[in-house]
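First up is the structure itself, then whatever we jot down about it.
Protein chains: 2
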Amino acid sequence: MGTADPRALWERVADDLRAEINRGDLKAGDPISPEQELADRHGVSRQTVRQALQQLTNEGLLLSGRGRGRTVRSQTRLHWQLSHFETQERHSAEADAWSNGVADQGRNPHQDVTVEINVPTPKVAERLGLNQDDLVVVRRRVRYVDDQAFQLADSYFPESIARGTLLMQPRDVSVPGGILASIGYPQIKIVDEIEIRMPTKEESSKLGIAAGTPVAEHVRTGYGEDGKPLRVMITIVPGDRHVLVYELEAQ
Amino acid sequence: MGTADPRALWERVADDLRAEINRGDLKAGDPISPEQELADRHGVSRQTVRQALQQLTNEGLLLSGRGRGRTVRSQTRLHWQLSHFETQERHSAEADAWSNGVADQGRNPHQDVTVEINVPTPKVAERLGLNQDDLVVVRRRVRYVDDQAFQLADSYFPESIARGTLLMQPRDVSVPGGILASIGYPQIKIVDEIEIRMPTKEESSKLGIAAGTPVAEHVRTGYGEDGKPLRVMITIVPGDRHVLVYELEAQ
DNA sequence: CAGTGGTCTAGACCACGCT
DNA sequence: GCGTGGTCTAGACCACTGG
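Put into structure tokens, the structure is as follows:
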């Protein structure tokens, strides 16, 4: 007699709603029926409905909030062009590559910068070829687009290179050709490592990341003319707001 | 006389366990106490503990399974070098760039290939500059490492280019310099777009992706000497198994 | 203030993996 | 068979948002 549907009750509810979203019956921004109503309609308890909604939220399809109800999540992503060196400035000057890229897409960028001197984490020390008792200058940037926090971008420089230079200025400095080049250390090679993972609690709160949103941890190591590492930049990139872009040309 | 801890009960349980993991008291592979035991220890109900464990699972910290108990998740990632063109073969020949990269890291790669002719999805049509009534040849590959499914990599070619060539062979073909070059269409430029998101239900089941694991959708478009697109490759990359790597050299 | 989602409990039964 | 996690219910109260 049973219908022999192997899916759990909550999974059927989730599948129903997911199908409505994929089909376009529910569009970005549309409100979802209240939990109690969904429970009545499917003949299940409210907790079961909540499990279904939880699942869809984890898939990045829904947003929720106390008192506000649930809505279908929208995603428009900003393109982040990563294959241009700082030395290949396409713009007049002034702003850095990131700001220019954002402005090109009709959005309004700005960044907050703080500078500190610290001991390197193992991850940074390894990439800069430093010991634990060496020091690094850390430039921590929070990058905003249209006044929403968009990225955490922390740059690490060996203290021996950064001491007494522009790099110690706790503000948004930029010079044509790149800061490192301007102080005598041009970068000739870059290695990017991209890791995909869920955000830590701290990252979630700093960036206002919704549940069900993964991040990319983008680690860029820059090397100088003598082949030694000059800089490590670690950027935390919320997945729902970005597309990372690389353009590669045959030589 | 409340303790005035603003955190919910489940959040305290989660924070406790997360701290144990970060501190190293619980290492990869270690079992977590059973739900009932955690409930008793913290003086909360089993459902509350389950909510905490659910959260940590979504953060990618735990694995679970019926009857098996829960364990701390480990993560060793394979490096995937993406900045080398097919024309820049470093290896004797035979295998493709991906297989070589995997073998270099002491692992054992293989791939299953199927070929079909189909109408392009809008995403593919846009990048190949095709209309909806044009046809594409699709090479679908499931890539395995040590017999575990690792990536879904689908390549799309305009039917006009692929017809009657090696590209129609439903097996793991590879030639020095790349297949496209061997049939008269060398790629001179590549554009990669990387999107970070949660997997669809289908991707999760095909790749055996655990809850709380994001994916990268890597879209590589290859252009020929006349500047026209030749190929789109869409790869679904489980985040817990990969690090994407790009090396960029100054010109 | 009404309605929403968020938290929490107590208890039940089921499905799976192991020994 | 026993212990584990997975599913599900019914009911309660709280916290926030909006009219």
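Note that the protein sequences, when read in sequence, are chains A and B.
Here the first sequence is numbered in our numbering, starting from 917 and rising by one per residue.
Here the second sequence is numbered in our numbering, starting from 917 and rising by one per residue.
The C-beta atom is built at its ideal place from N, Cα and C for all residues, glycine as well.
DSSP-derived helix/strand/coil call for residue i
{"i": "Thr973(A)", "result": "helix"}
{"i": "Asp931(A)", "result": "helix"}
{"i": "Thr964(A)", "result": "helix"}
{"i": "Val1091(B)", "result": "coil"}
{"i": "Ile937(B)", "result": "helix"}
{"i": "Asp1156(B)", "result": "helix"}
{"i": "Asp956(B)", "result": "helix"}
{"i": "Pro922(B)", "result": "coil"}
{"i": "Arg1147(B)", "result": "strand"}
{"i": "Asp1043(A)", "result": "The residue asked about is misnamed: residue 1043(A) is Arg in this sequence, not Asp. Of the three classes helix, strand and coil, the one that applies to Arg1043(A) here is helix, per DSSP."}
{"i": "Arg984(B)", "result": "coil"}
{"i": "Ser1098(B)", "result": "helix"}
{"i": "Ala1009(A)", "result": "Unreliable placement is indicated for Ala1009(A), whose pLDDT of 48 sits below 50; the coordinate value is still reported in the next sentence. In this structure, Ala1009(A) counts as coil in the three-state DSSP scheme."}
{"i": "Gln1048(B)", "result": "coil"}
{"i": "Met917(A)", "result": "Note that Met917(A) has pLDDT 43, beneath the 50 cutoff, so the model's placement of it is unreliable and the number below is only indicative. Met917(A) falls in the coil class under three-state DSSP."}
Member of the options whose CA lies at the smallest distance from the CA of residue i
{"i": "Gln1064(A)", "options": "Arg1157(A), Asp1050(A), Leu1051(A) and Val1091(A)", "result": "Arg1157(A)"}
{"i": "Leu977(A)", "options": "Arg1113(B), Thr1137(B), Leu942(B) and Ala924(B)", "result": "Arg1113(B)"}
{"i": "Arg1087(B)", "options": "Gly985(B), Thr1116(B) and Arg1056(B)", "result": "Arg1056(B)"}
{"i": "Gly1045(A)", "options": "Pro1092(A), Ile1033(A), Val1029(A) and Pro1074(A)", "result": "Pro1074(A)"}
{"i": "Gln997(B)", "options": "Arg982(B), Ala1019(B), Gly945(B) and Gln991(B)", "result": "Ala1019(B)"}
{"i": "Ile1106(B)", "options": "Asp1050(A), Pro1115(A), Ala1166(A) and Gly940(A)", "result": "Ala1166(A)"}
{"i": "Arg984(B)", "options": "Arg957(B), Ser949(B), Val1135(B) and Leu954(B)", "result": "Ser949(B)"}
{"i": "Arg1136(A)", "options": "Pro1038(B), Arg982(B), Gln970(B) and Val1159(B)", "result": "Val1159(B)"}
{"i": "Asp932(A)", "options": "Val1089(A), Lys1117(A) and Ala968(A)", "result": "Ala968(A)"}
{"i": "Ser1120(B)", "options": "His1134(B), Gly1017(B), Gln1067(B) and Asp1142(B)", "result": "Gln1067(B)"}
{"i": "Leu954(B)", "options": "Gly940(B), Gln970(B), Leu942(B) and Val929(B)", "result": "Val929(B)"}
{"i": "Pro1102(B)", "options": "Asp1142(B), Thr1037(B) and Gly945(B)", "result": "Asp1142(B)"}
{"i": "Glu1118(A)", "options": "Glu975(B), Ile1125(B), Gly1022(B) and His958(B)", "result": "Glu975(B)"}
{"i": "Arg934(B)", "options": "Val960(B), Gln970(B), Leu1051(B) and Pro922(B)", "result": "Gln970(B)"}
{"i": "His1134(B)", "options": "Pro1115(B), Lys1122(B) and Gly1140(B)", "result": "Pro1115(B)"}
{"i": "Ala944(B)", "options": "Trp926(B), Leu1164(B) and Thr992(B)", "result": "Thr992(B)"}
{"i": "Val1089(A)", "options": "Gly940(A), Ser1015(A) and Thr964(A)", "result": "Ser1015(A)"}
{"i": "Arg957(A)", "options": "Gly1124(A), Ser990(A), Asp1050(A) and Trp926(A)", "result": "Trp926(A)"}
{"i": "Ile937(B)", "options": "Thr964(B), Ser990(B) and Gly1124(B)", "result": "Ser990(B)"}
{"i": "Leu1164(B)", "options": "Leu1082(A), His1000(A), Gly1128(A) and Ile1077(A)", "result": "His1000(A)"}
Residue i - partner residues in DSSP beta bridges
{"i": "Glu1165(A)", "result": "Lys1105(B)"}
{"i": "Trp996(A)", "result": "Leu1160(A)"}
{"i": "Glu951(B)", "result": "Partner(s): none; Glu951(B) has no beta bridge."}
{"i": "Gln1067(A)", "result": "Arg1059(A)"}
{"i": "Asp1028(B)", "result": "Val1058(B)"}
{"i": "Ala1132(A)", "result": "Ile1112(A) and Val1153(A)"}
{"i": "Val1053(B)", "result": "Ile1033(B) and Phe1073(B)"}
{"i": "Gly945(A)", "result": "Bridge partners of Gly945(A): none, in fact."}
{"i": "Gly1138(A)", "result": "Ile1106(A) and Arg1147(A)"}
N-terminal and C-terminal residue of the beta strand (DSSP E) that residue i is part of
{"i": "Leu1083(B)", "result": "Leu1083(B) -> no beta strand (DSSP E), and no H or E assigned at all."}
Alpha helix (DSSP H) segment containing residue i, residue limits
{"i": "Ser980(B)", "result": "No alpha helix (DSSP H) holds Ser980(B); DSSP gives it neither H nor E."}
{"i": "Asn1016(A)", "result": "Ala1013 to Asp1020"}
{"i": "Ser1076(B)", "result": "Glu1075 to Ala1078"}
{"i": "Lys1122(B)", "result": "Lys1117 to Leu1123"}
Expected contact under 8 Å - CB spacing of residue i and residue j to nearest Å
{"i": "Gln952(A)", "j": "Arg966(A)", "result": "Between Arg966(A) and Gln952(A) the Cβ distance is about 11 Å, and since that is not below 8 Å, they are no contact."}
{"i": "Pro1145(A)", "j": "Gly1155(A)", "result": "The Cβ separation is near 28 Å, so there is no contact."}
{"i": "Leu994(B)", "j": "Val1061(B)", "result": "7 Å"}
{"i": "Pro947(A)", "j": "Thr973(A)", "result": "With 8 Å as the limit, Pro947(A) and Thr973(A) do not qualify as a contact, their Cβ atoms being about 14 Å apart."}
{"i": "Val1031(A)", "j": "Met1084(A)", "result": "6 Å"}
{"i": "Val1058(A)", "j": "Asn1034(A)", "result": "That belief does not hold up - the Cβ atoms of Val1058(A) and Asn1034(A) are roughly 17 Å apart, past 8 Å."}
{"i": "Asp1070(A)", "j": "Ile1150(A)", "result": "5 Å"}
{"i": "Arg1043(A)", "j": "Leu1096(A)", "result": "The pair is not a contact, with the Cβ atoms about 15 Å apart (cut-off 8 Å)."}
{"i": "Tyr1162(A)", "j": "Asp1012(B)", "result": "No, Tyr1162(A) and Asp1012(B) are not in contact; Cβ-Cβ is about 19 Å, not under 8 Å."}
{"i": "Pro1038(B)", "j": "Tyr1072(B)", "result": "Contact doesn't hold; Cβ gap of about 12 Å is too wide."}
{"i": "Ile1110(A)", "j": "Ala1132(A)", "result": "5 Å"}
{"i": "Ile1104(A)", "j": "Gly1140(A)", "result": "7 Å"}
Closer than 7 Å: residue i CB and nearest the ligand MN heavy atom
{"i": "Gln963(B)", "result": "Judged by which ligands are present, the structure shown has none, so any question about the ligand MN falls away."}
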